[in-house]
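Here is the structure we will look at, set down as structure tokens.
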Amino acid sequence: MVGLKELKRISLLQEFPDELLQKLQPLGQLRLFSEKSTIFDQGQRAEFFYMLLRGKVLLEVELTKDIMISIESIKPGYSFGWSSLFRGDSYRASAICSEPCEVIAFQSEQLLNLLDEDPHLGYWVMKEAMGILKNQLIRRTEQFLNTLRMHPEIQKLFPEQ
Numbered sequence: 003m004v005g006l007k008e009l010k011r012i013s014l015l016q017e018f019p020d021e022l023l024q025k026l027q028p029l030g031q032l033r034l035f036s037e038k039s040t041i042f043d044q045g046q047r048a049e050f051f052y053m054l055l056r057g058k059v060l061l062e063v064e065l066t067k068d069i070m071i072s073i074e075s076i077k078p079g080y081s082f083g084w085s086s087l088f089r090g091d092s093y094r095a096s097a098i099c100s101e102p103c104e105v106i107a108f109q110s111e112q113l114l115n116l117l118d119e120d121p122h123l124g125y126w127v128m129k130e131a132m133g134i135l136k137n138q139l140i141r142r143t144e145q146f147l148n149t150l151r152m153h154p155e156i157q158k159l160f161p162e163q
């Protein structure tokens, strides 16, 4: 079982009262991964939600058979495997450890059942998740727009400064 101290190190859970964290504790499994280990593959059924305690995880997407790109670097305290919060979904990227990692893994069906059974806990998880996902969406939109602005064909549309 994962300790309260470990759960409180996770951004998603930092504002949670102890009584809610105690409900999550029995579901969390500590897992260790070595450098270059694959935690999950793009397209694989999303069966676990992860929280990184130590190390660094790269989320990579296969553009073509020969081209993989990193779309995000997960640092300690952050969560990944968000697709697992939607029943029957698949991971949209692969999660690769760029150094040895320690994670808390939640089996998604167990987690979702708990959130269904305890609407107060479910509200807290979804409220905090929405804040994190909103920030990710804003950041990725800004990155996309900056990339477009740097494209030579699009730069021609802007007046000279």
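For the sequence shown, this note's numbering gives the first residue as 3, with consecutive numbering after it.
For each residue, glycine too, the CB sits at the ideal point set by N, CA and C.
Considering only Glu64, Ile98, Gln46, Ile106, the residue with the shortest C-alpha distance to serine 75 is Ile98. Note on geometry: alpha-carbon atoms of tyrosine 93 and valine 4 lie some 24 Å from one another. Put simply, the backbone Cα of isoleucine 106 is about 18 Å away from that of aspartate 43.
Nearest to histidine 122 by C-alpha distance, out of Ser39, Leu23, Arg141, is Leu23.
Straight across, the Cα-Cα distance linking phenylalanine 51 with methionine 152 is about 35 Å.
Taking glutamine 46 as reference, the option from Val63, Arg33, Ser36, Pro102 with the minimal CA-CA separation is Val63. Only residues of its own chain outside the window of five on either side were considered, and among them Leu117 have a CB closer than 6 Å to the CB of glycine 124, listed in chain order. Alanine 95 places its beta carbon 9 Å or farther from that of leucine 65.
With a cutoff of 9 Å on beta-carbon distance, phenylalanine 88 and methionine 53 are scored as not near each other. If you check the CB distance, serine 13 and serine 81 come in under 9 Å.
In this structure, the beta-carbon distance from serine 72 to alanine 48 does not fall below 9 Å. Annotation for leucine 14: no beta strand (DSSP E) segment contains it, and DSSP assigns it neither H nor E. About 6 Å separates the beta carbons of glycine 57 and glutamate 104, which is inside the 8 Å limit, making them a contact pair. Proline 102 sits close to phenylalanine 35, with the two beta carbons spaced by under 9 Å.
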